[in-house]
Amino acid sequence: MSVQEPVVETGLPSTAARIFAVNCFSISALNFIILIPPIYGKILIINSVATIEKICLIIASVQIFLYFIRPNIPKLQNTKTGKTSIKRKIVLLLQNLMIFTVGVVLYHVFTVLYGAPFVNSAMETFHFSLLITVLTVLPLCLNLGSDLSIWHRVFLGSGRTSMLELYLQRICAMTVLGSWIGALVIPLDWDRPWQVWPIPCSIGALIGNALANSSMGVWLLYTEESPKNKRRKKV
């Protein structure tokens, strides 16, 4: 009987960890700001479809902007220079459009299978699926690229091997969990306007994503790689 070797989890270089922590805090702050009633909180209740469109556009734009200003992306960097060029980032972004589209379709299917309206509120269900895809699949595309074997290893295979992959696991899990918790208030007979599909699930997804980003930002700052501890074994 063979004994499985422990997975060795590598950290991020000190500078990269700080930059990525700023990325996490920026997305987290953006999600919380969006939910403030004077901004999109009240409008989301009045017109959920149009508001979710704007929220998706804002979050996706910020994520892509942060993607371009980051000096290097561990999974996508050039092995010689250690950096990811702007040209390479653009090419990789275009390659991931198909994965993003498939992500929207799959989320839509799973959402309907879990009880979301398919005919009566088709646009609401589609836009909720779009929001979840922006919050989960887009970060995966921007950080792991289009190599699905890496996606499989991170979520279904041997597990994560870096802090970056831990971050991606956490934001996906907490975003989906947040949306599921938000769904718990929909069947309650409170007759509140914010109980209408997909408002509670969208709010839950945004809060879950924000909490995941903020917690991982703190985690990255406190576990950044140092010369004395370049590797940390996953327990």
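Once you know that position 129 of the sequence shown is 129 in UniProt numbering, the rest is easy, because the numbers rise by one and skip nothing.
In this text, a Cβ means the ideal position worked out from N, Cα and C, and glycines have one as well.
Note that the structure is a prediction, hence the values are computed from the model and not measured.
Extent of the continuous alpha helix (DSSP H) to which residue i belongs
i	result
Tyr114	Where Tyr114 is concerned, there is no enclosing alpha helix (DSSP H), given that its DSSP letter is neither H nor E.
Asn213	Ile199 to Tyr222
Leu140	Ala122 to Leu144
Leu148	Leu148 to Phe155
Tyr67	Ser48 to Ile69
Val91	Ile86 to Gln95
Straight-line gap, residue i to residue j (C-alpha atoms, nearest Å)
i	j	result
Cys201	Leu144	27 Å
Asn47	Leu206	17 Å
Tyr67	Asp189	43 Å
Phe126	Thr161	34 Å
Phe155	Gln169	7 Å
Leu220	Arg18	7 Å
Arg88	Leu142	12 Å
Ile22	Leu138	As written in the sequence, residue 22 is Val, which differs from the Ile given in the question. Near 18 Å, if we compare the C-alpha coordinates of Leu138 and Val22.
Phe118	Ile27	30 Å
Pro29	Val176	Before going on, a small fix: residue 29 reads as Ala here, not Pro. Rounded to the nearest angstrom, the two C-alpha atoms are 19 Å apart.
Environment of residue i [buried if 16+ CB atoms lie within 10 Å]
i	result
Met98	exposed
Leu57	exposed
Val134	buried
His152	exposed
Val109	exposed
Supposed contact pair residue j and residue i - C-beta distance, whole angstroms, cut 8 Å
i	j	result
Val104	Ser129	5 Å
Ile34	Ile55	6 Å
Ala210	Phe20	With 8 Å as the limit, Ala210 and Phe20 do not qualify as a contact, their Cβ atoms being about 16 Å apart.
Ile171	Asn213	6 Å
Leu44	Ile186	Rounded, the Cβ-Cβ distance is 15 Å, inconsistent with contact.
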